[in-house]
Amino acid sequence: MMIQTARGVRDILPEEAEVWHFLEETAITLFGLYGYQEVRTPLFEKSGLFSRAVGETTDIVEKEMYTFTDRGGESLSLRPEGTASVVRAFLEAGLTRQLPWRVCYRGPMFRYERPQKGRYRQFHQLGCELLGPAGPLADAEQMAMILDYLRRVGLGEGLTLEINSLGCGACRPGYREGLVGYLRSVPGDAGSPLCENCRRRLRENPLRVLDCKLPECRAVAARAPVMRDHLCPPCADHFRGLVAELEGLALPYVLNPLMVRGLDYYTRTAFEVTTTRLGAQNAVAAGGRYDSLVAQLGGPEVPAIGFAMGLERLALLLAESPRAAAAPAAYVVAVGEAAELLGARVAASLRGAGLRVVADLMGGSMKSQMKRADRSGAPVTLILGEEEAAKGQVMVKNMAARTQRILAWEEVLPYLDTPSVRGG
Ligand code: ATP
Ligand code: MG
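This is the structure in structure tokens:
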């Protein structure tokens with residue numbers, strides 16, 4: 006019996022990895038234009054970081070973390086998200102006077118979820134955090150950047166930017182009380198009409214009831230009081246400012262009063278970018294403001310906003326529009342020891358000039374090697390037999406034109422560099 010991957014994790018095979026490189030490199034470059042620099046934090050942290058930042062009663066901390074005790078008796082968790090680590094790193098490096106601080110990150114996150122299309126137990130996020138600015142212009146700049154990015158990678162179609170406000174420590178508790186009152190008062194056939202999960206949330210995390218996906222809960226949520234009607238004056242100002250900025254930037258948005266995020270640290274602005282093309286897993290990017298988190302993790306009051314995109318979901322969307330796999334510039338076929346050696350030297354000189362050159366190295370007959378050369382998609386095959394090797398020559402075959410010529414091995418690079426050959 007072969008051992009297979011654990012449930013909910015997957016391999017990114019080379020063809021898909023090309024897509025991932027493209028998504029990641031484009032992101033790092035574009036975010037760089039907005040002033041974001043990459044930060045890399047550990048894949049695991051002390052468990053207390055996440056329970057303190059993400060929240061003790063969130064789904065993530067309560068039932069989705071990969072938590073273990075290491076050999077020294079310390080409780081550690083694989084990171085379920087990136088923001089807590091970034092803020093910890095910011096504080097640990099003593100950067101609180103270096104505001105504004107803009108960083109981006111990419112890498113695997115781990116959550117024990119029910120695996121399905123677009124939902125995995127190891128998944129990958131590309132995210133950004135902006136620490137310092139308190140005003141809505143920062144929120145709008147991030148949203149504009151995300152949409153800019155999604156357009157650049159060819160995913161600009163069919164997206165919706167959804168925004169909401171979650172209030173703050175001053176206005177949310179009052180709203181929360183009103184919401185609980187409403188949710189408890191809704192009659193059902195046998196007590197509450199809410200699902201079992203939401204009846205538990207009602208006690209611990211009532212806002213989460215609003216974004217339950219089950220129809221019975223949605224019906225109740227649709228008539229619930231909304232946070233936006235209960236914002237304190239500063240939160241209401243912030244939200245009005247955000248709407249004005251988005252309109253000023255001509256960014257279309259939709260108000261979604263039922264969007265609450267699954268992490269406790271969010272304050273004021275929450276947003277998601279959703280697509281109609283991924284079924285139930287419709288969020289490709291999600292984020293929001295977290296003005297209290299830095300203080301909550303032991304630092305000074307530093308307002309902040311951030312977001313993360315799911316790479317698997319972006320790759321799924323891109324897979325619908327296939328990209329040409331990058332073929333090598335040349336494929337080397339050689340029969341006999343002397344030919345193989347000369348082939349290796351020619352390949353090395355071409356790579357030195359920045360060309361991608363693949364050597365067969367499988368041995369066997371010229372015919373079998375030529376089959377693989379064909380399959381590689383390389384426009385040119387460099388063929389070396391005993392005879393060529395003895396003279397220091399290479400037979401250069403143009404695969405599309407089916408023509409070939411003999412060149413001294415030093416002439417191969419200038420030949421490959423001629424426009425007619427480079428052009429395919
Ligand atoms: P969802 O509502 O889809 O569960 P979430 O609110 O848990 O998302 P965040 O924690 O804000 O999501 O993560 C940001 C983004 O990361 C999501 O919008 C999504 O694209 C991606 N993501 C989150 N969880 C997973 C997962 N288990 N598998 C794949 N991608 C994920
Ligand atoms: Mg989730």
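Everything in the sequence shown is counted per our numbering, starting at 6 for the first residue and increasing by one. Positions of the beta carbon are idealized from the N, C-alpha and C atoms, including for glycine.
Which same chain residues, not among the five before or five after residue i, have their C-beta less than 8 Å away from its C-beta?
| i | result |
| --- | --- |
| S425 | none |
| T10 | D16 |
| T279 | L164, T165, E167, N287, A288, V289 |
| M404 | A378, D379, A383, P384, V385, T386 |
| S80 | K51, S52, G53, T72, F73, T74 |
| G179 | H235 |
| G161 | L152, L155 |
| S373 | M367 |
| V59 | I65, V66, P85, E86, A89, L268, D269, Y270 |
| S56 | V66 |
May I ask whether a heavy atom of the ligand MG can be found less than 7 Å away from the beta carbon of residue i?
| i | result |
| --- | --- |
| G87 | no |
Excluding the 5 residues flanking residue i on each side, which residues of the same chain have their C-beta closer than 6 Å to its C-beta?
| i | result |
| --- | --- |
| G186 | none |
| A335 | V362, A383, V385, L387 |
| Y258 | L166, I168, L251 |
| D296 | T272, P308 |
| A226 | L215, L263 |
| E29 | R111 |
| Y39 | M150 |
| A291 | E277 |
| E209 | T62 |
Count the other C-beta atoms from every protein chain shown that fall within 10 angstroms of the C-beta of residue i, then say buried if there are 16 or more, exposed otherwise.
| i | result |
| --- | --- |
| H129 | buried |
| I310 | buried |
| P419 | exposed |
| L254 | exposed |
| T423 | exposed |
| A406 | exposed |
| G429 | With a pLDDT of only 46 at G429, under 50, the local geometry of the prediction cannot be trusted, and no value is derived from it. |
| P239 | exposed |
| A331 | exposed |
| R126 | buried |
| G174 | exposed |
| L18 | exposed |
| K376 | exposed |
Are the C-beta atoms of residue i and some chain D residue less than 8 Å apart?
| i | result |
| --- | --- |
| V351 | Reference to chain D is not applicable here, since this structure consists of a single protein chain. |
Is the closest heavy atom of the ligand ATP to the C-beta of residue i under 7 Å?
| i | result |
| --- | --- |
| G267 | yes |
| A320 | no |
| F276 | no |
| A288 | yes |
| E21 | no |
| E182 | no |
| F55 | no |
| A291 | yes |
| F128 | yes |
| R45 | no |
| R116 | yes |
| R124 | yes |
| G163 | no |
| G60 | no |
| A313 | yes |
| E317 | yes |
One question on the structure: do residue i and residue j come within less than 8 Å of each other, judged by their Cβ atoms?
| i | j | result |
| --- | --- | --- |
| M232 | P262 | yes |
| R188 | L171 | Inspection of the sequence shows that residue 188 is occupied by Leu rather than by Arg. In this structure, L171 does not lie closer than 8 Å to L188 by Cβ. |
| T31 | A94 | no |
| E134 | S82 | no |
| F36 | M148 | no |
| A343 | A413 | no |
| W106 | G78 | no |
| D153 | T274 | no |
| V108 | E43 | yes |
| R282 | P120 | no |
| E69 | R116 | yes |
| L322 | W25 | no |
| V351 | V340 | no |
| R223 | R213 | no |
| L389 | G348 | yes |
| P113 | L219 | no |
Suppose the cutoff is 7 Å on Cβ atoms and the five residues either side in sequence are ignored; what does the same chain contact list for residue i look like?
| i | result |
| --- | --- |
| G303 | L96 |
| M6 | none |
| G246 | G140, P141 |
| P211 | R181, L184, V185, L188 |
| E345 | A339 |
Practice prompt. With a floor of 3 residues, list each beta strand (DSSP E) that falls wholly inside the stretch 347 to 379, ordered by position along the chain.
Written response: You should have 362 to 364.
Item to complete: Please list the segments of the alpha helix (DSSP H) lying wholly inside the stretch 98 to 180, counting only runs of 4 or more residues, in order along the chain.
Response: Runs found: 141 to 157.
Fill in: Any alpha helix (DSSP H) of 4 or more consecutive residues that is wholly inside the stretch 23 to 61
If we require 4 residues or more, the alpha helix (DSSP H) runs fully inside the stretch 23 to 61 come out as 52 to 58.
Item to complete: Can you check the stretch 235 to 297 for any beta strand (DSSP E) of at least 3 residues that lies completely inside it and give the ranges in chain order?
Response: The DSSP assignment places 272 to 280, 288 to 294 as complete runs of the beta strand (DSSP E) inside the stretch 235 to 297, in order along the chain (cut-off: 3 residues).
Fill in: Ordered list of alpha helix (DSSP H) runs contained in the stretch 182 to 242, each at least 4 residues
201 to 209, 220 to 227
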